[in-house]
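Protein chains in written order, with the numbering used here: chain A, -11 to 398; chain B, -11 to 398.
Glycine included, C-beta positions come from ideal geometry on N, C-alpha and C.
Predicted model only: the values in this text are computed from it and were never measured.
As structure tokens, the structure follows; a few thoughts come after it.
Protein chains: 2
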Amino acid sequence: MARIVQKYGGTSVADVERIRCVAARVKKCHDAGNDVVVVVSARSGVTNELIGKARYLNPAPNDREMDMLLAVGEQETIALTAMAIHAMGTPAVSRTGAQAGILTDPAHTRARIVSINADNIEAALRDRNVVIVAGFQGVNAEGQITTLGRGGSDLSAIAVASAVKADLCQIFTDVDGVYTADPRVVPDARKIPEVSYDEMLELASMGSKVMQARAVEFAKKFGVVFEVRSSFNENPGTIVKEEIASMEDVVVRGVAVDKNQVKVTVSNISDQPGTASRVFQALAEAEVNVDMIVQNVGRGGRANLTFTVPRDEAGRAKKAVETALATIGGGSVDVTNEVAKLSVVGVGMRTHSGVASTLFTSLAEKNVNIQLISTSEIKISVAIDLDRADEAVRAVHEAFGLGSGEGDRP
Amino acid sequence: MARIVQKYGGTSVADVERIRCVAARVKKCHDAGNDVVVVVSARSGVTNELIGKARYLNPAPNDREMDMLLAVGEQETIALTAMAIHAMGTPAVSRTGAQAGILTDPAHTRARIVSINADNIEAALRDRNVVIVAGFQGVNAEGQITTLGRGGSDLSAIAVASAVKADLCQIFTDVDGVYTADPRVVPDARKIPEVSYDEMLELASMGSKVMQARAVEFAKKFGVVFEVRSSFNENPGTIVKEEIASMEDVVVRGVAVDKNQVKVTVSNISDQPGTASRVFQALAEAEVNVDMIVQNVGRGGRANLTFTVPRDEAGRAKKAVETALATIGGGSVDVTNEVAKLSVVGVGMRTHSGVASTLFTSLAEKNVNIQLISTSEIKISVAIDLDRADEAVRAVHEAFGLGSGEGDRP
Chain A
-11 MARIVQKYGG
-1 TSVADVERIR
9 CVAARVKKCH
19 DAGNDVVVVV
29 SARSGVTNEL
39 IGKARYLNPA
49 PNDREMDMLL
59 AVGEQETIAL
69 TAMAIHAMGT
79 PAVSRTGAQA
89 GILTDPAHTR
99 ARIVSINADN
109 IEAALRDRNV
119 VIVAGFQGVN
129 AEGQITTLGR
139 GGSDLSAIAV
149 ASAVKADLCQ
159 IFTDVDGVYT
169 ADPRVVPDAR
179 KIPEVSYDEM
189 LELASMGSKV
199 MQARAVEFAK
209 KFGVVFEVRS
219 SFNENPGTIV
229 KEEIASMEDV
239 VVRGVAVDKN
249 QVKVTVSNIS
259 DQPGTASRVF
269 QALAEAEVNV
279 DMIVQNVGRG
289 GRANLTFTVP
299 RDEAGRAKKA
309 VETALATIGG
319 GSVDVTNEVA
329 KLSVVGVGMR
339 THSGVASTLF
349 TSLAEKNVNI
359 QLISTSEIKI
369 SVAIDLDRAD
379 EAVRAVHEAF
389 GLGSGEGDRP
Chain B
-11 MARIVQKYGG
-1 TSVADVERIR
9 CVAARVKKCH
19 DAGNDVVVVV
29 SARSGVTNEL
39 IGKARYLNPA
49 PNDREMDMLL
59 AVGEQETIAL
69 TAMAIHAMGT
79 PAVSRTGAQA
89 GILTDPAHTR
99 ARIVSINADN
109 IEAALRDRNV
119 VIVAGFQGVN
129 AEGQITTLGR
139 GGSDLSAIAV
149 ASAVKADLCQ
159 IFTDVDGVYT
169 ADPRVVPDAR
179 KIPEVSYDEM
189 LELASMGSKV
199 MQARAVEFAK
209 KFGVVFEVRS
219 SFNENPGTIV
229 KEEIASMEDV
239 VVRGVAVDKN
249 QVKVTVSNIS
259 DQPGTASRVF
269 QALAEAEVNV
279 DMIVQNVGRG
289 GRANLTFTVP
299 RDEAGRAKKA
309 VETALATIGG
319 GSVDVTNEVA
329 KLSVVGVGMR
339 THSGVASTLF
349 TSLAEKNVNI
359 QLISTSEIKI
369 SVAIDLDRAD
379 EAVRAVHEAF
389 GLGSGEGDRP
């Protein structure tokens, strides 16, 4: 008997049939004698539909009213889920974010959770109810409905799990867990049974968008162990938890690829102190997320700067750099080059050498040119040609011996 | 400058285009310097759609969860309406039932309003906001969301108008006001400029379902003057208020027809004390709403009973009567006869005689047979053949001189 928080995302509760499947899964967990708290998202599509209506009426809808509007999506799901569970003979009660005691700061549409008063949830659990909590939403100190931003339901689940001291938080989604690489690209990619929070953060921030980084960070901060697993089958998923010593036995946990990057090259700028700083200041002011950076000093007192940015920020980046160049005596900017960012991730990297060497060798053997390199304590990333990305990830996956050879796939 | 509560029903806010029209109307009222509180329903169709989902998942959904689910409809509308008003440059803020301080008893799906703490609305009005309140919903003392039952948004509007001491409450709907008869049947029916609460109650309960009786009763109890008018044009509507002396100058205010009645004939029952009482007790236990009643004593100690019931309760009525007959020594029941109930209504009736005579004469002249008669202080009703109803209402309308001769119609 344990205390379990289960979170179901929008695709898992997309329609009444799927809600019924969720109810059956919840009932099974409850029948086994567990205390069960369920956190649900809005049905997939509902949030976008509401946003569409809002923007039709007002191109810049007020944030408070936006939260009032969007909170509707989860409120529908919690009520329907409770009814579906009742129909199976199991006691259940729904709670809006406010009723679940999820207190946030006042920042509408991107609120942060301040605290959770779980008394209301605890009381319902004592009566052997399944408690169904609306994800994504909370209430501020003034009694206004707030929302946590995209992916906020994961955060709700982790926070509720922390508040009720759950033994486990299960994040049900449409993927089977975290893989050593994208199984659609790498046929023998393996599901990883356990990863550390830090590895999850690096892998999740890299295209394999299983979960929002914010929710993982919250789990790390409060030591909430969670499992990412599929709501469409019974397979065990990936457990995400604090790093333990044995995790370091594996040097590289997985290979992630982000195909959503553009390389920006700033050429022929003045090679003087402060020049690069002016460029990056302009980018920061334009709220461009600059990723990998290289600076080359050229001849004749001129230099080149190269960096990557997310594709949809490329236009903003170009404009910001052009403005900066006008004040620092010339230079040109080019943003045409789409690249892929390939990363190998693993906490074991810290205690093992030779990771970079294996990575670079495996790419060289395939004649894949490395354009940029960046490293962190548990990650090495390279920017490569976009059209070589799939071939590269297969080679690297094999070079680090990550494959199962058995095809343990969804 | 006045304080005005405007209520818009489901058809008035059916989609984003109509919400924009509502916003324009609200803005105009606000621009004129008035304090404006708006009460809105769910978009038409939304409530039924949600009920459909609920019943799919659970044939007998829990009342608390039903309220949690249905409250979603109005919450969507208030947010969208606020955004639409913002887009026109007018300050506005939405309030759920709970945020508007609408406290109800604990009876989920049919809650009664206990009190309204209007501090929150008053504060927003002081800042010159339009305040948009979710109709149909409230909150009980335990913080649970409750709903007021079908037509509850009218009740919300009247109650809010009372709480904020509004000068006028405007009920915007899809009809132009209250008419002397149904204009689709009687070409020269006139819109009535003013009716008393009691006349409105009798007219509204009779097929011309402009408003729920409960809302009218609440308005009468707290002396809230309201106007029923169309949200699709600028025509003045019908003012409903406390009876004033001059209202009695008009003997008959209008003619109403209810075509949704079935005549039940119970024949050849024992003519002994308690027999009729056993029949009606059985009907009461089966929750059948019996309307007009006649008892005829026949020959040989046998009697007949005749009464009307709403069409959709006819089957239940037949079953109840048959059960009762089995215990009181025989008799037969027949529910095949569909009838129309035609009523003339007017507070002036109390002080004038001859109303019944005029009514009966006008029907006799058209050879319309009167099957049953019932009277109240301000109403005389007759049951007649369903297929003669339209002809009868035209004759009666003319006999009481209710027509305009000009066609003041929608």
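Measuring alpha carbon to alpha carbon, tell me which of the options ends up nearest residue i.
{"i": "THR296 (chain A)", "options": "A:ALA72, A:VAL327 and A:GLY139", "result": "A:VAL327"}
{"i": "ASN277 (chain A)", "options": "A:MET235, A:SER392, A:LEU189 and A:GLN249", "result": "A:GLN249"}
{"i": "ALA122 (chain A)", "options": "A:VAL239, A:MET(-11), A:ASP107 and A:GLU64", "result": "A:GLU64"}
{"i": "ALA(-10) (chain B)", "options": "B:PHE268, B:PRO298, B:ASN22 and B:ASN284", "result": "B:ASN22"}
{"i": "ASP155 (chain A)", "options": "A:ALA129, A:LYS229 and A:LEU360", "result": "A:LYS229"}
{"i": "TYR(-4) (chain B)", "options": "B:ASP51, B:LYS329 and B:ALA30", "result": "B:ALA30"}
{"i": "VAL416 (chain A)", "options": "A:ASP142, A:PHE160 and A:LEU45", "result": "With chain A covering -11 to 398 only, the question about residue 416 (chain A) has no answer from this structure."}
{"i": "GLN260 (chain B)", "options": "B:ALA72, B:LYS41, B:ASN284 and B:GLU273", "result": "B:ASN284"}
{"i": "SER362 (chain B)", "options": "B:ASN355, B:VAL356 and B:ALA371", "result": "B:ALA371"}
{"i": "GLN158 (chain B)", "options": "B:SER350, B:SER255 and B:PRO224", "result": "B:PRO224"}
{"i": "ILE281 (chain A)", "options": "A:GLU275, A:ALA274, A:ARG287 and A:ALA264", "result": "A:ALA264"}
{"i": "ALA414 (chain A)", "options": "B:ALA67, B:GLY126, B:PHE268 and B:VAL34", "result": "Only positions -11 to 398 of chain A appear in the structure, and residue 414 (chain A) is not among them; the question remains open."}
{"i": "PRO298 (chain B)", "options": "B:LYS208, B:THR315, B:SER103 and B:LEU271", "result": "B:LEU271"}
{"i": "ALA129 (chain A)", "options": "A:ASN108, A:ASP142, A:LYS208 and A:ARG100", "result": "A:ARG100"}
List the endpoints of the continuous alpha helix (DSSP H) containing residue i.
{"i": "GLN63 (chain A)", "result": "51 to 75"}
{"i": "GLY303 (chain B)", "result": "302 to 315"}
{"i": "THR349 (chain B)", "result": "343 to 353"}
Can you tell me the Cα-Cα spacing of residue i and residue j, whole angstroms?
{"i": "LYS367 (chain A)", "j": "GLU190 (chain A)", "result": "7 angstroms"}
{"i": "PRO398 (chain A)", "j": "ARG382 (chain A)", "result": "Any reading at PRO398 (chain A) needs caution, since the residue's pLDDT is 38, under 50, leaving its predicted position unreliable; the model's value is listed next. Distance between the alpha carbons of PRO398 (chain A) and ARG382 (chain A): 18 angstroms."}
{"i": "GLY336 (chain A)", "j": "GLU187 (chain A)", "result": "10 angstroms"}
{"i": "GLY391 (chain A)", "j": "LYS251 (chain A)", "result": "30 angstroms"}
{"i": "GLY14 (chain B)", "j": "ILE7 (chain A)", "result": "One point to set straight first is that residue 14 (chain B) is Val, not Gly, in the sequence displayed. Cα-Cα distance, rounded: 39 angstroms."}
{"i": "ALA377 (chain B)", "j": "ALA201 (chain B)", "result": "24 angstroms"}
{"i": "GLU399 (chain B)", "j": "VAL152 (chain B)", "result": "Here chain B has residues from -11 to 398 only, and residue 399 (chain B) is not among them."}
{"i": "PHE348 (chain A)", "j": "VAL384 (chain A)", "result": "9 angstroms"}
{"i": "VAL163 (chain A)", "j": "ILE227 (chain A)", "result": "14 angstroms"}
{"i": "ILE90 (chain B)", "j": "ARG98 (chain B)", "result": "14 angstroms"}
{"i": "GLU301 (chain A)", "j": "LEU293 (chain A)", "result": "17 angstroms"}
{"i": "ARG304 (chain A)", "j": "ASP176 (chain A)", "result": "39 angstroms"}
{"i": "ARG338 (chain B)", "j": "SER144 (chain B)", "result": "32 angstroms"}
{"i": "ALA203 (chain B)", "j": "GLY140 (chain B)", "result": "8 angstroms"}
{"i": "THR(-1) (chain A)", "j": "SER32 (chain A)", "result": "5 angstroms"}
{"i": "VAL1 (chain B)", "j": "VAL356 (chain A)", "result": "59 angstroms"}
{"i": "ARG290 (chain A)", "j": "GLU37 (chain A)", "result": "51 angstroms"}
{"i": "ASN46 (chain B)", "j": "ILE39 (chain B)", "result": "10 angstroms"}
{"i": "VAL127 (chain A)", "j": "PRO49 (chain B)", "result": "27 angstroms"}
{"i": "MET71 (chain B)", "j": "VAL254 (chain A)", "result": "43 angstroms"}
{"i": "ALA86 (chain B)", "j": "ASP93 (chain B)", "result": "13 angstroms"}
{"i": "GLN269 (chain B)", "j": "ALA12 (chain B)", "result": "54 angstroms"}
{"i": "VAL412 (chain A)", "j": "GLU386 (chain A)", "result": "Given a span of -11 to 398 for chain A in the structure shown, any question on residue 412 (chain A) remains unanswerable."}
{"i": "ARG172 (chain A)", "j": "VAL239 (chain A)", "result": "23 angstroms"}
Beta carbon of residue i: closer than 7 angstroms to some heavy atom of the ligand HEM?
{"i": "ILE101 (chain A)", "result": "This structure does not include the ligand HEM; it has no bound ligands of any sort."}
Starting from residue i and walking both ways along the beta strand (DSSP E), at which residues does that stretch end?
{"i": "ASN325 (chain A)", "result": "320 to 333"}
{"i": "ILE281 (chain A)", "result": "281 to 285"}
{"i": "GLN399 (chain A)", "result": "As shown, chain A starts at -11 and ends at 398. That puts residue 399 (chain A) outside it, with no answer to give."}
{"i": "ILE39 (chain B)", "result": "First-last for ILE39 (chain B): 34 to 45, but that is the alpha helix (DSSP H), not the beta strand (DSSP E)."}
{"i": "ASP23 (chain B)", "result": "23 to 28"}
{"i": "PHE214 (chain B)", "result": "214 to 218"}
{"i": "ILE358 (chain A)", "result": "Segment: none, ILE358 (chain A) is in no beta strand (DSSP E) and carries neither H nor E."}
**Q.** Validate contact between the stretch 295 to 311 of chain B and the stretch 160 to 176 of chain B using beta carbons, cut 8 angstroms, 3 pairs
**A.** no
Q.
Within 8 angstroms, do at least three Cβ pairs link the stretch 231 to 245 of chain B to the stretch 170 to 184 of chain B?
A. yes
(Q) Please list, in chain order, the residues of the stretch 292 to 304 of chain A that have any C-beta partner in chain B closer than 7 angstroms. (A) none
Q.
I want to know whether the stretch 71 to 90 of chain A touches the stretch 103 to 123 of chain A - three or more CB-CB distances under 8 angstroms.
A. yes
Q: Would you be able to state if there are at least three C-beta pairs under 8 angstroms between the stretch 309 to 323 of chain B and the stretch 239 to 249 of chain B?
A: no
(Q) Check whether the stretch 126 to 145 of chain A and the stretch 55 to 68 of chain A are in contact - that is, three or more C-beta pairs closer than 8 angstroms. (A) yes
Q: Using a Cβ-Cβ cut-off of less than 8 angstroms, give me the residues of the stretch 63 to 74 of chain B that come near chain A, in sequence order.
A: GLN63, GLU64, ILE66, ALA67, LEU68, ALA70, MET71, ALA72 and HIS74
Q) Does the stretch 137 to 155 of chain B touch the stretch 209 to 219 of chain B, meaning 3 or more C-beta pairs lie closer than 8 angstroms? A) yes
Q: Determine which residues of the stretch 5 to 18 of chain A have a Cβ less than 7 angstroms from any Cβ of chain D, and write them out in chain order.
A: The chain inventory of the structure shown lacks chain D, comprising the protein chains A and B.
**Q.** Interfacial residues, the stretch 35 to 60 of chain B to chain A, with Cβ spacing under 8 angstroms
**A.** LEU38, LYS41, ALA42, TYR44, LEU45, ASN46, PRO47, PRO49, ASN50, ARG52, GLU53, MET54, MET56, LEU57, ALA59 and VAL60
Q.
So if I threshold CB-CB distances at 7 angstroms, which residues from the stretch 119 to 134 of chain B count as touching chain A?
A. GLY131
Q: Could you run through the stretch 133 to 163 of chain B and flag, in chain order, every residue whose CB is less than 9 angstroms away from some CB of chain A?
A: ILE133
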